[in-house]
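Undergrad: My questions all concern the structure below.
Protein chains in written order, with the working numbering: chain B, 6 to 323; chain R, 142 to 673.
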């Protein structure tokens, strides 16, 4: 590994013009181009459209020609008296998702790495990956056919064992757990891939050296693999925090839907907004809610990134 | 003096115009002449495609394509245009429908709409529909313009602009109620069928005991029909203002319609009665245990197949259920020769129904349409020209339908739905002057009910009222959400505790959601409209 002396490079690089810098990194930039275009087109270019949250949108006048109404579109969420409850629920669910997702993904990735039989590893990895590709509408139906009171599989089994049937669609309490379980079932296989790749990227010389030094399996994981995964974990956590006020509408809607007995226990912002505004087709209200969620996410990312920067500057996003 | 002469001349001219128009009244009978004179100077040199947007699932039959080809040949000859149907499928239709209108990319011209089930007013106010001035209508849709009376144009007018054309000359009843098996009700001892809400229980109990094994459920409800308002209005003469909220929340008593109130705050006792009754139905097992999550159910199809005993919808739907040949799905008539279907409508016990809105089906022109004039011309033809009307509404003569010697429509022997059916979902331009009654319909039963309605029908009292929701929409949204949540508990007996408790909780939640604020705002605008 060649180490360039930073003192020698620094003055030279400062003098280089921007054009020259771009020219020198042309291959890298070319490779990034699709991603750059994607983000410009879908993330930066539409930013001025945020203004739609502050107008009474008229199709003919367009976003910037419509009448400015200030914070009126935000009134609806604020008026509901449920904003705090909804935000809290959304955040708590996401905290559970983020923590369990990453924990389980790391565990699964390590287990996969430790499996010696290549065949077994491939089969189990594929099986865990598959649920990720099932549409959430189907997942909702699957869960319903498993759990419903009259014809569900679970109750058929319970009945044949002489047990009283469980009326899960008539009681809200188990649903936070059911939602988390279904989410994990669906996402763990996919999430573990990133960690699995990170583990595969660890210099095998380091692991071999530790084995020669007499480290056992557990010590190898504890002292080599987990510390090597730390940057990945931190970065993924930071990314996840940006969306912490955004609920997984597809999952909740398809599992719980319009059944108030269930959604009273697991209501999140998206579900409430959908139910309340589905009959009032209004871009402005929806954008106002979206802006509220993004703003909280943005503040959270900045805060946590700041904290990470203080503790371990290398792991921060910016 | 000069002024006076000018005024006199103007008055005389106006008078002479009136006399001419009354002398040769425009109707479908002389439509061809009207078009020939009105459209003589319209430049139709450029061939255009008129995209007509409707809700529904696109048909895939060859007959549909052939019908369109034949129709387009006629339209091309008459106004050098052709029609193309843009379908908004039923899944999430309202959101997709509105989105298509909002996109304003000129990809749609003619839009089927409705003030009570398809957001006609919100789309007008948000700039989605083109303002249709009377000159334009008189020039490009002359027959429609002349045959729709002024008071019907008035109900399509907002801030001085006409926004859509009403389907005001088509007989139908879209008042809601329960369709049930009349033959089973008779077996249960209800000789005249179900006459009161109290009759339902013996009927349901009998059906459950006798036919329970062969039914999927007495009512395979999916938890989205809320008969609470229907129950209350079966006793109280009250009418909701349509198009305000997802449920019939605001309106007034018919003896004093311009005093606005909220039905569910006003009628506590009847709501409690209803909640108790539905608890009894729940305990009887009328619907599946998980009714509120039973979203995959298709109760109407199951009813047609004789697998359920109740179907909650409107009279128009019932006409298709009471007529054995109206649908190939009506297999209940094949399995049981005594089969008959009755209809219990909301208001029966109080003895009234409200006539349909003339804006239950309307046609609008997209504000982004590049050919609004030609769009109106095509609409006028589809609504008033015999040839175009028959093709667009009934399909290919001799293949999709035929007409017997009595002038009734029937389905030919060779007809196979999979390849010969035609659908255009033209629910915004049907015309009684051109309708050919179908022999597949059970007219004896249908006309008997229609006569009953005619004898007790009252006018919808709020036709001239267009609500400006801008001050209270956020409250309406909250009330909608509250209403839907509690209706699910109340209408399906899915509550713990007593009926009184759940009703009180519902009323408190409505008040917290701003129900009273909305009532006050509607009252203010009603006063302005009707000058109370």
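Note that beta-carbon positions come from the ideal geometry of N, C-alpha and C, so glycine has one too.
1. By the criterion of Cβ-Cβ separation under 8 angstroms, what are the contact partners of residue 243 of chain R in chain B?
2. Taking residue 302 of chain R and residue 332 of chain R to be in contact with their CB atoms under 8 angstroms, please state how far apart those CB atoms are, rounded to whole angstroms.
3. Is residue 172 of chain B helix, strand or coil when you go by DSSP?
4. Is residue 482 of chain R near residue 267 of chain R, with beta carbons less than 9 angstroms apart?
5. Which of helix, strand or coil does DSSP assign to residue 538 of chain R?
6. I'd like to know if the segment 537-557 of chain R and the segment 494-513 of chain R are in contact, where contact means that at least 3 CB-CB pairs between them fall below 8 angstroms.
7. Which runs of the beta strand (DSSP E), 3 residues or longer, sit entirely within the segment 132-175 of chain B?
8. Applying the criterion that 16 or more other CB atoms from any shown protein chain within 10 Å of the CB defines a buried residue, is residue 628 of chain R buried or exposed?
9. Could you check what DSSP says for residue 215 of chain B in three-state terms: helix, strand or coil?
10. Residue 659 of chain R by DSSP, collapsed to three states: which one?
11. Note down, in chain order, each residue of its chain lying with its Cβ closer than 6 angstroms to the Cβ of residue 162 of chain R, except the 5 sequence neighbours on either side.
12. If I follow the unbroken beta strand (DSSP E) through residue 391 of chain R, where does it start and stop?
13. Under the rule that 16 or more other beta-carbon atoms within 10 Å means buried, what is residue 23 of chain B, buried or exposed?
14. I need the boundaries of the beta strand (DSSP E) containing residue 604 of chain R, first residue and last residue.
15. Would you please verify whether the beta carbon of residue 250 of chain R is less than 9 angstroms from any beta carbon of chain B?
16. Would you grab the beta carbon distance between residue 251 of chain R and residue 504 of chain R for me? Rounded to a whole angstrom, and I think it's under 8 angstroms.
17. Ordered along the chain, which non-local residues of its own chain (more than five positions away) have a Cβ less than 8 angstroms from that of residue 302 of chain B?
18. Output, in chain order, the set of chain B residues within a Cβ distance shorter than 9 angstroms of residue 380 of chain R.
19. Quick check on residue 164 of chain R: does DSSP put it in helix, strand or coil?
20. Please classify residue 166 of chain B: is it buried, with 16 or more other beta-carbons within 10 angstroms of its beta-carbon, or exposed?
21. Verify the CB distance criterion: does residue 292 of chain B have a CB-CB separation below 9 angstroms to chain R?
22. From the DSSP secondary-structure annotation, give me the bridge partner or partners of residue 298 of chain R.
23. Could you list which residues in chain R have their beta carbon closer than 8 angstroms to that of residue 86 of chain B, in chain order?
24. With H, G and I counted as helix, E and B as strand and the rest as coil, what does DSSP make of residue 274 of chain B?
25. Taking its Cβ as the centre, do 16 or more other Cβ atoms sit within 10 Å of residue 429 of chain R, making it buried, or is it exposed?
26. Does the beta-carbon distance from residue 644 of chain R to residue 416 of chain R come in below 9 angstroms?
27. Is the segment 585-603 of chain R close to the segment 512-530 of chain R, with three or more CB pairs under 8 angstroms?
28. Taking residue 479 of chain R as the reference, give the member of R:463, R:489, R:306 with the closest Cα.
29. Quick check: what's the CA-CA separation for residue 197 of chain B versus residue 633 of chain R?
30. Can you round the beta-carbon distance between residue 299 of chain B and residue 58 of chain B to whole angstroms, since I take them to be within the 8 angstroms contact cut?
31. Note down the Cα distance separating residue 513 of chain R from residue 97 of chain B, rounded to an integer number of angstroms.
32. Roughly how far, in whole angstroms, is the beta-carbon of residue 255 of chain R from the beta-carbon of residue 502 of chain R, given that I think they are within contact range, below 8 angstroms?
33. By a C-beta neighbour count over all protein chains shown, 10 Å radius and 16 as the cutoff for buried, is residue 306 of chain B buried or exposed?
34. Contact between the segment 210-223 of chain B and the segment 303-322 of chain B: three or more CB pairs below 8 angstroms?
35. Give the secondary structure of residue 21 of chain B by DSSP, where H, G and I count as helix, E and B as strand, and everything else as coil.
36. Is there a Cβ from chain R that is less than 9 angstroms from the Cβ of residue 172 of chain B?
TA: In short:
1. 64, 286, 288
2. The Cβ separation is near 54 angstroms, so there is no contact.
3. coil
4. no
5. strand
6. no
7. none
8. buried
9. helix
10. helix
11. The pLDDT assigned to residue 162 of chain R is 48, lower than 50, so where the model puts this residue is not dependable; a value taken from the coordinates is nonetheless given after this. So no residue of the chain qualifies.
12. 391-394
13. exposed
14. Neither: residue 604 of chain R is in no beta strand (DSSP E) and is coded neither H nor E.
15. no
16. 6 angstroms
17. 246, 247, 248, 249, 250, 251
18. Neighbours of residue 380 of chain R on chain B: none; closest Cβ ~20 angstroms, over 9 angstroms.
19. Confidence is the limiting factor: at residue 164 of chain R the pLDDT is only 44, short of 50, which leaves the residue's position unreliable and the question unanswerable from this model.
20. exposed
21. no
22. R:303
23. 653
24. helix
25. buried
26. yes
27. no
28. R:463
29. 44 angstroms
30. Residue 299 of chain B to residue 58 of chain B, Cβ: 10 angstroms. No contact.
31. 53 angstroms
32. 6 angstroms
33. buried
34. no
35. coil
36. yes
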